[in-house]
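The structure under discussion appears below in the form of structure tokens.
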Amino acid sequence: MTNPAPADDAVVVIRGRGRVSALGLELGINYPVSPFTAHPTGVPVAALPPATEAALAALRHAHPAYRQLDRTVLLALLAARLAMADVESPVASCQLSGRFKSGSSERPSNWQLATGNRMAISIGSSRGATGRLEEFHAGFLSEGSVPAAASPLTTLGNVASWVAFDAGQQGAAALSHSSTCSSAFQALGNAVAWLRAGMADRFLAGGTEAPLTDFTLAQMRAIGIYSPYAAADWPCRPGVGRPSTFVLGEGAAVFALERGSRAALQAAGEPAFLLEGVGFGFEAIGSKTGLSPEGSHFQQAIREAICQAHVAPETIDAVVLHSPGTPAGDAAERAALRAVFGEHQPLLLSNKWLSGHTLGASAALSLDFALHVLETQQWPTPPFATDVNGPAPRPLRRILVNAAGFGGNAASVIVTQV
253 MTNPAPADDA
263 VVVIRGRGRV
273 SALGLELGIN
283 YPVSPFTAHP
293 TGVPVAALPP
303 ATEAALAALR
313 HAHPAYRQLD
323 RTVLLALLAA
333 RLAMADVESP
343 VASCQLSGRF
353 KSGSSERPSN
363 WQLATGNRMA
373 ISIGSSRGAT
383 GRLEEFHAGF
393 LSEGSVPAAA
403 SPLTTLGNVA
413 SWVAFDAGQQ
423 GAAALSHSST
433 CSSAFQALGN
443 AVAWLRAGMA
453 DRFLAGGTEA
463 PLTDFTLAQM
473 RAIGIYSPYA
483 AADWPCRPGV
493 GRPSTFVLGE
503 GAAVFALERG
513 SRAALQAAGE
523 PAFLLEGVGF
533 GFEAIGSKTG
543 LSPEGSHFQQ
553 AIREAICQAH
563 VAPETIDAVV
573 LHSPGTPAGD
583 AAERAALRAV
593 FGEHQPLLLS
603 NKWLSGHTLG
613 ASAALSLDFA
623 LHVLETQQWP
633 TPPFATDVNG
643 PAPRPLRRIL
653 VNAAGFGGNA
663 ASVIVTQV
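Quick note: the sequence shown uses the working numbering, first residue 253, plus one each step.
So this is what it looks like as structure tokens:
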């Protein structure tokens, strides 16, 4: 059974996007120095650079209520503001990032306030308010009590609800999603379904994560996958095999989505990005940190995304890999690609060697990277031997983006430029 093609007036258009990561608020192609730094615990991490950290601090003080929010929520607010400003123009988005430094509480766009507009929010996060949860728990262990704000500030739902508040949303839904490292695509899939069904006119959807806490880092090290390389030595190396080079990062990416029509886009004559398909996969395996050698959950998600997009596999020009730098995970994803694409293997791309693995935000940041590649036809080359980010035999028009997480889940998105 195949999915019916969406009606001409039910395509999902990416109108704007915003991102926050170890690379700052913008993307480029030249990175001569590793963006990774050493965490106080001694391990390498992909943390925000100083200028972006200052922007986040300014946002925290832009509203009295924001001073109590978890870092994960603030990252989502910042990315969402940038996405709405990008609807106006990329220049407006850049100007907004500069205004954050002065602590401005100005909201960026009237996009979400249009007459009759039903804008909904859908934000994914693997762990939610990690930092604040750990702070409240530490306080409980030492004092035997917690403040009244502990519960509302640490529920997963507070991520989307604060984005909705900051965006000036009136009515419609504000949904938070958690499905480990594919959480952002779970949020995106929900947004696509609502838009195509006419249940919303516009969506802010994406993912956010701030996992650089001592406890979270200890959890990743306990699994035995953390990179042995120093921060300056490009410690996250997807596609190189052994040793495992997993490195945690923080960040967020949010997309401003609309239901649109192909005819209107063609009449406008301007480049646009379409979110053509969102596919999901699951494999029931005993180990919740493992996966099958053939990557069956990846195969399911990729095939479903291709089916939903109503395109042939050979029209996929490139894949932004999930590829976290773990030998088993990297190999399984590539096995899945061989099973789906056969001799027509797409170009393999990755952004994790620059931003680390940002858990629930990783899929959204990978999609943002894919859009950057489509827009510029340029991408950075890693300073180590790997199978990712090589030269392309032709211009890239359609890109598949993969994500997967603990528990056997996977998700894939197909985006194209028209």
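We put the CB at the ideal spot given by N, CA and C, even for glycine.
These numbers were taken from a predicted model, which means no experiment stands behind them.
query                                                                                                      : result
Buried versus exposed call for H624 [16 or more other C-beta atoms within 10 Å across all chains shown]    : buried
Rounded separation between S496 and S575 - CA only                                                         : 11 angstroms
Sequence-distant residues of its chain with Cβ nearer than 6 angstroms to S354 (five each side left out)   : Summary for S354: the model assigns pLDDT 36, below 50, so the residue's position carries little reliability, and this model does not support an answer.
Contiguous beta strand (DSSP E) assignments of at least 3 residues, all confined to the region 442 to 491  : 454 to 461
L330 burial status per 10 Å Cβ neighbour count (16 or more: buried)                                        : buried
T668, buried or exposed, once every other Cβ within 10 Å from all chains shown has been counted against 16 : buried
CB contact flag (L652, V530, <9 angstroms)                                                                 : no
H549 burial status per 10 Å Cβ neighbour count (16 or more: buried)                                        : buried
For T406 and F417, believed in contact at Cβ under 8 angstroms, the rounded distance                       : Incorrect: roughly 17 angstroms between the Cβ atoms, too far for contact.
Endpoints, the alpha helix (DSSP H) within which I558 is located                                           : 548 to 561
For C488, the nearest candidate out of A425, P302, R269, P287 (CA to CA)                                   : P287
Spatially closest choice to A474 from P647, V264, V295, by CA coordinates                                  : V295
Among N603, A655, R511, T465, the one whose alpha carbon lies nearest that of A372                         : R511
Beta-carbon proximity of L464 to N442, cut-off 9 angstroms                                                 : no
Of the listed residues F525, P404, V444, R586, nearest to V339 (C-alpha basis)                             : F525
Counted within 10 angstroms of its Cβ, other Cβ atoms place G490 as buried (16 or more) or exposed         : The sequence given here places Pro at residue 490; Gly does not occur at that position. Label assigned to P490: buried.
Straight-line gap, R646 to L601 (C-alpha atoms, nearest Å)                                                 : 15 angstroms
When S618, A310, N654, K604 are compared against V492, the one with the closest alpha-carbon               : K604
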